[in-house]
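As structure tokens, the structure follows; a few thoughts come after it.
There are 2 protein chains.
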Amino acid sequence: MIKEIQGGVCAPKGFKASGVHCGIRKNKAKKDFALIVSEVNASAAGVFTQNLVKGAPVILCKEHLKSGYAQAIVCNSGNANTCNKNGIEIAEKMCQMVERVSKIKANDVLVASTGVIGQPLNIAPMEEHIDQLYSLLGDDSKSAAEAIMTTDTIAKSVAVKFTLGGRECKIGAIAKGVGMVCPNMATNLIFITSDVAISPKMLQKALSNDVKSSFNMVSVDGDQSTNDTCVILCNGLAQNKIIEEVNADYKAFAKALNYCTVKLSKMIAKDGEGATKLIECNVFGAKSVKMARGVAKTVIKSSLFKAAMFGADANWGRVLCAIGYSGEEVEVERVDVSFKSKAGVLEVCKDGYGIEFSEEHAKKVLSEDEVQVNINLKIGKCKASAWGCDLTYDYVKINGDYRT
Amino acid sequence: MIKEIQGGVCAPKGFKASGVHCGIRKNKAKKDFALIVSEVNASAAGVFTQNLVKGAPVILCKEHLKSGYAQAIVCNSGNANTCNKNGIEIAEKMCQMVERVSKIKANDVLVASTGVIGQPLNIAPMEEHIDQLYSLLGDDSKSAAEAIMTTDTIAKSVAVKFTLGGRECKIGAIAKGVGMVCPNMATNLIFITSDVAISPKMLQKALSNDVKSSFNMVSVDGDQSTNDTCVILCNGLAQNKIIEEVNADYKAFAKALNYCTVKLSKMIAKDGEGATKLIECNVFGAKSVKMARGVAKTVIKSSLFKAAMFGADANWGRVLCAIGYSGEEVEVERVDVSFKSKAGVLEVCKDGYGIEFSEEHAKKVLSEDEVQVNINLKIGKCKASAWGCDLTYDYVKINGDYRT
Chain V
1 MIKEIQGGVC APKGFKASGV HCGIRKNKAK KDFALIVSEV NASAAGVFTQ NLVKGAPVIL
61 CKEHLKSGYA QAIVCNSGNA NTCNKNGIEI AEKMCQMVER VSKIKANDVL VASTGVIGQP
121 LNIAPMEEHI DQLYSLLGDD SKSAAEAIMT TDTIAKSVAV KFTLGGRECK IGAIAKGVGM
181 VCPNMATNLI FITSDVAISP KMLQKALSND VKSSFNMVSV DGDQSTNDTC VILCNGLAQN
241 KIIEEVNADY KAFAKALNYC TVKLSKMIAK DGEGATKLIE CNVFGAKSVK MARGVAKTVI
301 KSSLFKAAMF GADANWGRVL CAIGYSGEEV EVERVDVSFK SKAGVLEVCK DGYGIEFSEE
361 HAKKVLSEDE VQVNINLKIG KCKASAWGCD LTYDYVKING DYRT
Chain A
1001 MIKEIQGGVC APKGFKASGV HCGIRKNKAK KDFALIVSEV NASAAGVFTQ NLVKGAPVIL
1061 CKEHLKSGYA QAIVCNSGNA NTCNKNGIEI AEKMCQMVER VSKIKANDVL VASTGVIGQP
1121 LNIAPMEEHI DQLYSLLGDD SKSAAEAIMT TDTIAKSVAV KFTLGGRECK IGAIAKGVGM
1181 VCPNMATNLI FITSDVAISP KMLQKALSND VKSSFNMVSV DGDQSTNDTC VILCNGLAQN
1241 KIIEEVNADY KAFAKALNYC TVKLSKMIAK DGEGATKLIE CNVFGAKSVK MARGVAKTVI
1301 KSSLFKAAMF GADANWGRVL CAIGYSGEEV EVERVDVSFK SKAGVLEVCK DGYGIEFSEE
1361 HAKKVLSEDE VQVNINLKIG KCKASAWGCD LTYDYVKING DYRT
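Encoded structure:
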């Protein structure tokens, strides 16, 4: 049984975190420098952006993961350290300063940066605040979650407990979105901690598999970031029998992990830049999971559909249109479409054709802050879900002048 | 030599057009029913949406093109006649009513509809106004162009003259955009007329080839319409030697055609829903035309880049980011990026890294109503251009409640 608990990345045994304002961001009220540390070296795994343009921290982080182990995560917001000539050098210095204060070897430190691309990242503010950041390490997942935010309006955090062979185990995570989020290894930064004992190989397998149904199914704007990073540290302090193969414990761990990642996925979608509502697209009756995911992602990405959701307009033609250009071999004349929210269900399309509905009821259903669009392809048994948000004036406002 | 002239689709010999308000649209000031007729049967060709969900008129229009000949184009706006159970029947009736008034055989009539998807199209307003529409046929390209508009703010039209073997030849065209425009057989409706003599086979070849560098390179929102239709009628009244193979005349015709289609492409992009400016993305130094087109289309589609252009923000990191997820095998550390407008040139990225620039100069360059983003990949000799627009508050407003 999976039970939600408090504590974020500090919920699992042996993890501490902190976050401070060091000065990369101009606004002194906004933290911009975060650290997560495990008491002992941990199994580590990661998934990263597939963008050819990769941030320097992504390149270094992948390098540091090659050993399969790591013990700390350091991160700044306000600058992505991407497309800068000295980017790798700066990312290395970030790891080295963690070594200096903590004695954790620099290549056991994972590193991430988020913010504007193509402006030199000044190392000085971090040099000046690394001692403070280290000294503040404690049960402060919240400060770390705040320090990795960019245009996020709320800090995103989750933690769960569950048992493996009678041992209580925990997983905690923090994440930031919320623009440049595309359904293909998405969502900028996600840091996950756990006290489960698992081999690096099985951990990488679990994470790589997990993102397919969680972070890879989130879209805010269809743009794929250069810095997307999802890393996980598992330090084994729960003292469960170490997971070294696909067995019942592996599956239980994967299930708990997916609980956390899906919850964060929804939080990221709901807090999408300028969003007023969470849109969940559920596709049923597909011939394959690939087909279900393809359709769900295409619908959730459609600018026209997203704008209609902002206007609470039941323009289901745009849903069908997006299904049609998804590249998946659906049979249009079988497709059913309906909307659902707390206010009720609204059937709009049956066997590919429109059916009459009350505009008044439609407005009610679509005016809720969480809306499902449910699509039944009726040609198979596979399903998938994707999460996104509406396209609003504020998305345009936020992104019309983000840099200056 | 290609020279622009007046007259739109009525510029070529033997073509007449008309447009009226028949009542499909509620607003009586908006025309919604258009007709284009050639004096004699004409070689005909078309390219259509690749969306699996196809409007009934698209299905019927393709059927009527199978003979390679046609003599009229009938079109309504205000309703796309798509995802309706009786859609084909209604589209057939539209062709039959043209036969009734004109004696042109119904299967020589091309048909198109544009507007909302999934609401039954009432044939009665058209039945009541077909006599009037036919009686008004004349040099009235403008009324036809107006009658096919949906959210377009201006009627789009172009015409040119040129010579083939000493004979004066003409091409004319009208088009409508301006939402649901994706770089993959785009742009809803384009009707082209010409008095050139050319075989149906060569005409289809010319048109299919043309759209790759014109309408397929336009993006407003990345959504691909169910009703995209581009058809051309060539009635041969210019009495040039009929084009039946790829020769000098074919190339001269193709060049004149491309002049018209690129001009319309830019007009459609500039009038994109809510747009305040035309963005032209030119990619140079690609290894293949495919690579150049792939990069240009990805950049022009990026919501984040489009929002930055609205804010006149030289956020070139978003350009590099989009290049990186284009799926094309560029070498990031070679890429140069600059912006250009009437106000001057702004170099922002050299060999994949940022270079310093004046923010004041940047604002000036990006505040013009036509802005180029020029990308040199520096790994080959191929190039391509794509056209789009900025993402604005008004795009969201227009699409937040289009249907009701």
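As they're listed, the protein sequences go chains V and A. Its first residue numbered 1, the first sequence is counted upward by one per residue in the working numbering. Its first residue numbered 1001, the second sequence is counted upward by one per residue in the working numbering. Beta carbons: idealized from backbone N, C-alpha and C, even for Gly. All values derive from a computational prediction rather than experimental measurement.
Residue i classed as buried or exposed, judged by whether at least 16 other C-beta atoms fall within 10 angstroms
{"i": "residue 1184/A", "result": "In this prediction, residue 1184/A scores a pLDDT of 40, lower than 50, which makes its location untrustworthy; no coordinate-derived value is stated."}
{"i": "residue 128/V", "result": "exposed"}
{"i": "residue 219/V", "result": "buried"}
{"i": "residue 54/V", "result": "buried"}
{"i": "residue 1285/A", "result": "buried"}
{"i": "residue 309/V", "result": "buried"}
{"i": "residue 9/V", "result": "buried"}
{"i": "residue 67/V", "result": "exposed"}
{"i": "residue 358/V", "result": "exposed"}
{"i": "residue 1138/A", "result": "exposed"}
{"i": "residue 1131/A", "result": "exposed"}
{"i": "residue 277/V", "result": "buried"}
Residue from the options with nearest C-alpha to residue i
{"i": "residue 199/V", "options": "166/V, 160/V, 245/V", "result": "245/V"}
{"i": "residue 208/V", "options": "319/V, 315/V, 237/V, 257/V", "result": "257/V"}
{"i": "residue 1079/A", "options": "1048/A, 1339/A, 1023/A", "result": "1023/A"}
{"i": "residue 33/V", "options": "139/V, 49/V, 150/V", "result": "150/V"}
{"i": "residue 1264/A", "options": "1247/A, 1285/A, 1176/A", "result": "1176/A"}
{"i": "residue 152/V", "options": "139/V, 131/V, 189/V", "result": "189/V"}
{"i": "residue 1026/A", "options": "1240/A, 1077/A, 1011/A", "result": "1077/A"}
{"i": "residue 134/V", "options": "163/V, 104/V, 48/V, 119/V", "result": "104/V"}
{"i": "residue 1016/A", "options": "1052/A, 1064/A, 1071/A, 1056/A", "result": "1071/A"}
{"i": "residue 170/V", "options": "156/V, 192/V, 155/V", "result": "192/V"}
{"i": "residue 1336/A", "options": "1344/A, 1357/A, 1173/A, 1320/A", "result": "1320/A"}
{"i": "residue 1118/A", "options": "315/V, 136/V, 385/V", "result": "315/V"}
{"i": "residue 5/V", "options": "212/V, 96/V, 159/V, 324/V", "result": "159/V"}
{"i": "residue 155/V", "options": "164/V, 161/V, 174/V", "result": "174/V"}
Closer than 8 Å to chain A by CB, residue i
{"i": "residue 358/V", "result": "no"}
{"i": "residue 374/V", "result": "no"}
{"i": "residue 102/V", "result": "no"}
{"i": "residue 25/V", "result": "no"}
{"i": "residue 164/V", "result": "no"}
{"i": "residue 19/V", "result": "no"}
{"i": "residue 377/V", "result": "no"}
{"i": "residue 299/V", "result": "no"}
{"i": "residue 51/V", "result": "yes"}
{"i": "residue 226/V", "result": "yes"}
{"i": "residue 196/V", "result": "no"}
{"i": "residue 323/V", "result": "yes"}
{"i": "residue 304/V", "result": "yes"}
Beta carbon proximity, residue i to chain V, threshold 8 Å
{"i": "residue 1281/A", "result": "no"}
{"i": "residue 1310/A", "result": "yes"}
{"i": "residue 1031/A", "result": "no"}
{"i": "residue 1392/A", "result": "yes"}
{"i": "residue 1186/A", "result": "Low confidence applies here, because residue 1186/A scores a pLDDT of 38, under 50, leaving its location unreliable; read the following figure in that light. No, residue 1186/A does not count as interfacial toward chain V."}
{"i": "residue 1204/A", "result": "no"}
{"i": "residue 1271/A", "result": "no"}
{"i": "residue 1084/A", "result": "yes"}
{"i": "residue 1229/A", "result": "no"}
{"i": "residue 1208/A", "result": "no"}
Mind the definition here: the segment 1349-1360 of chain A touches the segment 1295-1304 of chain A only if three or more C-beta pairs lie below 8 Å; say whether that holds.
no
Three or more C-beta pairs below 8 Å linking the segment 1071-1089 of chain A and the segment 1195-1204 of chain A
Fewer than three beta-carbon pairs drawn from the segment 1071-1089 of chain A and the segment 1195-1204 of chain A are found closer than 8 Å, and the two stretches are therefore not classed as touching.
Check whether the segment 111-119 of chain V and the segment 51-60 of chain V are in contact - that is, three or more C-beta pairs closer than 8 Å.
yes
If we count Cβ pairs, one from each stretch, closer than 8 Å, do we get three or more for the segment 1086-1104 of chain A versus the segment 357-376 of chain V?
no
For the pair the segment 1317-1330 of chain A and the segment 1282-1295 of chain A, tell me if three or more CB-CB distances fall below 8 Å.
yes
Curious, which full-length alpha helix (DSSP H) runs of at least 4 residues does the segment 1122-1157 of chain A contain?
DSSP assignment within the segment 1122-1157 of chain A yields the following whole alpha helix (DSSP H) runs of 4 residues or more, N-terminal first: 1124-1135, 1141-1147.
Unbroken beta strand (DSSP E) runs of length 3 or more, entirely within the segment 217-270 of chain V: which are they?
229-234
Closer than 8 Å is the cut-off here; do at least three beta carbon pairs connect the segment 1222-1237 of chain A with the segment 1137-1145 of chain A?
The segment 1222-1237 of chain A vs the segment 1137-1145 of chain A: no contact.
May I ask you to verify whether the segment 228-239 of chain V touches the segment 41-48 of chain V, counting CB pairs closer than 8 Å and requiring at least 3?
yes
Please list the segments of the alpha helix (DSSP H) lying wholly inside the segment 1072-1108 of chain A, counting only runs of 4 or more residues, in order along the chain.
1087-1102
Restricting to runs no shorter than 3 residues, where is the beta strand (DSSP E) found entirely within the segment 291-353 of chain V?
336-341, 344-350
Taking beta-carbon pairs under 7 Å, can you tell me which members of the segment 1113-1126 of chain A lie near chain D?
Here the protein chains are V and A, and chain D is not one of them.
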